[in-house]
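Heads up, the thing below is written out as structure tokens.
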Amino acid sequence: MKPRIRRISKSLRLLPGSMALVVLLTSACASNPELVLSKLDPKTSVTISYNQSPLAFIRTLSANPAKSNEHVYLGPVEVNRSGDYRYYIWLASWNAADSLQLDRRQDRFESIDIIADGKPVTLKLTGSSMRAIGASESVYRKPVGWATEAYYDVTLDQLRMLADATELRLQYSSTRETFELWDDRLASKAGLMAFLVHSEF
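Using numbering that gives the first Met the number 0, the first residue of the sequence shown is number 0, and each one after it goes up by one.
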């Protein structure tokens, strides 16, 4: 068995049965066209692959969730420079109550911890735009115009750890502000697992 296929099989065995079924159904081929897309960057000529269903996290700031929830979206990015593959996490953070608040707190984005089953996966900031990862155009759509974006270096092993986890939380390393997974766990993980299957082939 090829090493990459062996790693996929191991990842699937570690998942609960229902999760593995979702992965197999959504990733029957190397990349699921509904979840994972690829595009050629028009200026840098790198090929960028990404997941159409990023993970969504939420932190409630007060008793009025319609106005005070803070959101963070995370999505994996693969950058292929003529066979040299690099992986990143895209982050978009926004607060519905105050469109200026996040811009005044840029220090929060220097480092993040994605806590997988109690174990932190610490990621360091690469940059705040696609230029930082060698591309010219964004592939993820900002959820709101004032969302703050950032990119972090990540490895496939770290992505597999996140996909295998039963529970995920996000924390800003400097402030310890913690966000809980917002979406249904199975639905959220299906996109990440489809991205991993795409990247393994």
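All C-beta atoms, glycine included, are put in the ideal place defined by N, C-alpha and C.
Assigned with DSSP and collapsed to three states, residue 190 falls in helix.
Burial is judged here by how many other beta carbons sit within 10 angstroms of a residue's own beta carbon; residue 147 has at least 16 and is buried. Distance between residue 197 and residue 35, taken at the CA atoms: about 8 Å. Among the bridge pairs identified by DSSP, residue 80 is matched with 83. Within its own chain, the residues whose Cβ lies closer than 8 Å to the Cβ of residue 86, once the five positions on either side in sequence are excluded, are 75, 76, 77, 78, 152, 153, 154, 155, 158, 198, listed in chain order.
Listed in chain order, the non-local C-beta contacts of residue 43 below 6 Å within the same chain comprise 133, 134, 135, local neighbours out to five positions each way being set aside.
A direct Cα-Cα distance of roughly 6 Å separates residue 165 from residue 116. In this chain, the beta strand (DSSP E) harbouring residue 168 covers 167-171. The beta carbon of residue 123 sits closer than 6 Å to the beta carbons of 110 from its chain, once the five residues preceding and following it are set aside; these are given in chain order. Within its own chain, the residues whose Cβ lies closer than 8 Å to the Cβ of residue 172, once the five positions on either side in sequence are excluded, are 109, 110, 111, 112, 121, listed in chain order.
In this chain, the alpha helix (DSSP H) harbouring residue 159 covers 155-163. A buried status is given to residue 72, since no fewer than 16 other beta-carbon atoms sit within 10 Å of its beta-carbon. Ranking 37, 127, 82, 191 by CA distance to the CA of residue 161 puts 191 first.
Comparing C-alpha distances from residue 49 to each of 58, 37, 60, 200 shows the shortest one belongs to 37. In the DSSP annotation of this structure, the continuous segment of the beta strand (DSSP E) that includes residue 126 starts and ends at 118-126. Assigned with DSSP and collapsed to three states, residue 108 falls in helix.
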